[in-house]
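S.K.:
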Amino acid sequence: MPIYSPKLNIIAGSNISVTNTTDSSTIAVANVGSANGIASLDADQKIPTSQIPSSAVTNFRNILINGHFQLAQRGTNITGITISGYYSADRWRTDIAGTVGTWTQSIATDTPSGTEFRTSLKMTCTTANGTLNAGDKLVIQQRVEGQNLLGSLKGTSNAKQITLSFWVKAGVANQTFIAELHDNDNGFFVSQSYTTAATANTWEKKILTFPAHTSGSFDNDANFSLAVNFWLTAGSDFTGGGSLQTTWGAGTNTRAVGQTNLSSGNVAATNFWQITGVQLEIGNAATDFELLPAELTRYRAYRYYYELGRHVTGLGNTSLMGMWYQSASQVETVFIYPTPMRAAPTGISSRVTNCMAVYAGLSTDFLDGVYFTQLTPINCLVFEGAVADGGGGTANGTTGYPGRLFIPSAAATGTLLAFDAEL
Numbered sequence: 013m014p015i016y017s018p019k020l021n022i023i024a025g026s027n028i029s030v031t032n033t034t035d036s037s038t039i040a041v042a043n044v045g046s047a048n049g050i051a052s053l054d055a056d057q058k059i060p061t062s063q064i065p066s067s068a069v070t071n072f073r074n075i076l077i078n079g080h081f082q083l084a085q086r087g088t089n090i091t092g093i094t095i096s097g098y099y100s101a102d103r104w105r106t107d108i109a110g111t112v113g114t115w116t117q118s119i120a121t122d123t124p125s126g127t128e129f130r131t132s133l134k135m136t137c138t139t140a141n142g143t144l145n146a147g148d149k150l151v152i153q154q155r156v157e158g159q160n161l162l163g164s165l166k167g168t169s170n171a172k173q174i175t176l177s178f179w180v181k182a183g184v185a186n187q188t189f190i191a192e193l194h195d196n197d198n199g200f201f202v203s204q205s206y207t208t209a210a211t212a213n214t215w216e217k218k219i220l221t222f223p224a225h226t227s228g229s230f231d232n233d234a235n236f237s238l239a240v241n242f243w244l245t246a247g248s249d250f251t252g253g254g255s256l257q258t259t260w261g262a263g264t265n266t267r268a269v270g271q272t273n274l275s276s277g278n279v280a281a282t283n284f285w286q287i288t289g290v291q292l293e294i295g296n297a298a299t300d301f302e303l304l305p306a307e308l309t310r311y312r313a314y315r316y317y318y319e320l321g322r323h324v325t326g327l328g329n330t331s332l333m334g335m336w337y338q339s340a341s342q343v344e345t346v347f348i349y350p351t352p353m354r355a356a357p358t359g360i361s362s363r364v365t366n367c368m369a370v371y372a373g374l375s376t377d378f379l380d381g382v383y384f385t386q387l388t389p390i391n392c393l394v395f396e397g398a399v400a401d402g403g404g405g406t407a408n409g410t411t412g413y414p415g416r417l418f419i420p421s422a423a424a425t426g427t428l429l430a431f432d433a434e435l
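In our numbering, the protein residues as written are 13 to 435.
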């Protein structure tokens, strides 16, 4: 039954408060249109209150970064994966324990039709492991800082629900998978299952709402507090406890009850799992995916990992940064990251003979990579104290003069300079 039968004309930006409804399970708001700045509502249809967000829709509501997998600094097709690490899409970690086969992780252009998504993350098993040990697992996860979760009010009497939405497909129809929230600060877990589409190789959107939790607050810091886990394989240590852990709890053997063993075969057409449009938000409803400007996604990801240069043989020199000669054989510079990093990062440099070089104005000096010191979340000192010319003789630089650090065209593909502050 509608609340009112007349049409309501509402000036854009107005607030509406409806009370004393005759049906507490629905709010009658539909047929929204506009003309001359006036929003028109015909109060003759209903939408369930369960579909109405429990709080206002705001910017930066997606707690996760790069949920559409548009940014992949490390590469777009990584093969031979058998251990934990960050491989392709920024902020997305592969968590592996034991022996779960061999995998390829790729950034695919196959996405749900009619959506804003243009890329997706695909996991394909290339070497099967049909018999799992108890502690074996394979999880795709994103780890979140505690200070970015305070709005959940977890650990208080006003704790809020958390909703996870995503598009997913697999090579086999009606497979059961597990999505999980892991409270790393307090050792709590909560899981929900989802089933792939009834037709194999078909995209389907999933919406999972996790219960509020009044125990165990998230820490107010820049450390690892929450993991959003997508299980692909799970041994009996995670599946042998009876019923799935659908309320917050500390048990571990109920975290992934019912999980498909995706590593049971290595047929590319069937043994794969693919995902895009991942959004985690506070509240009881899923809003549209928050598609931020590309530069915002990039700089948010740079807080955790920034790759200054990764060389591809045959594409010429890869420029890195300006440096200056402290002496004829030593170059250094203070490098400022493009955005402050989560913590003082680890500097990463390839260390191979003549894998880098400094152009000194009239000639080129060679380096076997660089070193890092005085690392802070803002900047660091990059240096090399064994600069030499290509023939192994005296370097050509002049003390106090500038130079340009680069990776020579002849260097191996994958020669790298980066900074890592991942969780």
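Backbone N, C-alpha and C define an ideal beta-carbon position, used for all residues, glycine too.
1. Quick check on DSSP: helix, strand or coil for Asn-186?
2. Restricting to Cα atoms, I'd like to know which of Thr-330, Ala-355 and Cys-392 is closest to Asn-235.
3. Is it the case that the Cβ atoms of Thr-116 and Ile-93 are separated by a distance below 9 Å?
4. Contact between the region 257-265 and the region 196-215 is defined here as three or more beta-carbon pairs at a separation below 8 Å; is this criterion met?
5. Quickly, what does DSSP pair Tyr-383 with across the bridge? List them, please.
6. For Ala-372, count neighbouring C-beta atoms within 10 Å of its own C-beta (all shown protein chains included) and say buried if the count is 16 or more, exposed if not.
7. Looking at the strands, I want to know which residues DSSP matches up with Met-335.
8. In the DSSP assignment, what are the bridge partners of Ile-93?
9. Run the CB neighbour count on Glu-128, radius 10 Å, all protein chains shown included, and call it buried at 16 or more, exposed below.
10. Assuming Val-324 and Leu-393 make a contact with CB atoms under 8 Å, what is their CB distance in whole Å?
11. Which runs of the beta strand (DSSP E) at least 3 residues long sit entirely within the region 297-366? Give them in chain order.
12. Relative to the C-alpha of Asp-102, which residue among Gly-110, Ile-119, Thr-91 and Gly-113 is closest?
13. Can you tell me whether Ala-306 is buried or exposed? The criterion is at least 16 other CB atoms within 10 Å of its CB, across all chains shown.
14. In chain order, what residues of the same chain lie with their CB nearer than 8 Å to the CB of Ala-210, ignoring the 5 residues before and after it?
15. With DSSP as the reference, label Gly-167 as helix, strand or coil.
16. Using the three-state DSSP reduction, which class does Gly-147 fall into: helix, strand or coil?
17. Tell me Gly-261's beta-bridge partners as DSSP assigns them.
18. State the start and end residues of the unbroken alpha helix (DSSP H) segment that holds Ser-248.
19. Decide if the region 243-252 is in contact with the region 143-159; the criterion is three or more beta carbon pairs, one per stretch, under 8 Å apart.
20. Report yes if the C-beta distance between Arg-312 and Ile-77 is below 9 Å; otherwise report no.
21. Would DSSP call Gln-286 helix, strand or coil?
22. I think Tyr-465 touches Glu-434, with their Cβ atoms under 8 Å apart; what is that distance to the nearest whole Å?
23. Going by alpha carbons, who is nearest to Asp-432 out of Thr-91, Gly-321 and Arg-315?
24. Go through its chain and collect everything with a Cβ distance to Ser-361's Cβ below 6 Å, but skip five positions before and after it.
25. Under 9 Å, do Leu-256 and Ala-182 count as touching if we go by C-beta distance?
26. Where does Pro-350 land, buried or exposed, given buried means 16+ other C-beta within 10 angstroms?
27. Taking the DSSP output, what are the residues bridged to Arg-86?
28. Apart from the five residues on each side of it in sequence, which residues of its chain come closer than 6 Å, Cβ to Cβ, to Thr-91?
29. In whole angstroms, what is the alpha-carbon distance linking Ala-340 and Thr-411?
30. Would you call Asp-377 buried or exposed, if buried means 16 or more other Cβ atoms sit within 10 Å of its Cβ?
31. Mind the definition here: the region 267-282 touches the region 132-141 only if three or more C-beta pairs lie below 8 Å; say whether that holds.
32. Suppose you measure from the CA of Ala-423 to the CA of Gly-87; what does that come to, to the nearest Å?
33. On the three-state DSSP scale, how would you describe Leu-162?
34. Apart from the five residues on each side of it in sequence, which residues of its chain come closer than 6 Å, Cβ to Cβ, to Gly-113?
35. Between which two residues does the beta strand (DSSP E) containing Leu-76 stretch?
M.R.: Put simply:
1. coil
2. Put simply, of Thr-330, Ala-355 and Cys-392 the residue whose alpha carbon is nearest the alpha carbon of Asn-235 is Ala-355.
3. yes
4. yes
5. DSSP output for Tyr-383 lists Phe-395 as bridge partner(s).
6. buried
7. Its beta-bridge partners are Gly-415.
8. Trp-115
9. exposed
10. No, Val-324 and Leu-393 are not in contact; Cβ-Cβ is about 28 Å, not under 8 Å.
11. 317-322, 330-339, 342-348 and 358-361
12. Ile-119
13. Ala-306 comes out exposed.
14. Around Ala-210: Ala-185 and Asn-186.
15. Three-state DSSP puts Gly-167 in coil, outside helix and strand.
16. coil
17. Phe-201
18. 248-251
19. yes
20. Yes, the pair counts as a contact, with Cβ atoms nearer than the cut-off.
21. strand
22. Outside the modelled stretch of the chain, which goes from 13 to 435, sits residue 465, for which no answer is possible.
23. Arg-315
24. Excluding positions up to five away in sequence, the list reads Gly-381, Val-382 and Leu-429.
25. No; because the gap between Cβ atoms is not below 9 Å, this pair is not in contact.
26. Exposed is the call here.
27. Partner(s): none; Arg-86 has no beta bridge.
28. Thr-116
29. 6 Å
30. buried
31. yes
32. 18 Å
33. helix
34. Cys-137, Thr-139, Ala-140, Asn-141 and Ser-275
35. From DSSP, Leu-76 is part of no beta strand (DSSP E); its letter is neither H nor E.
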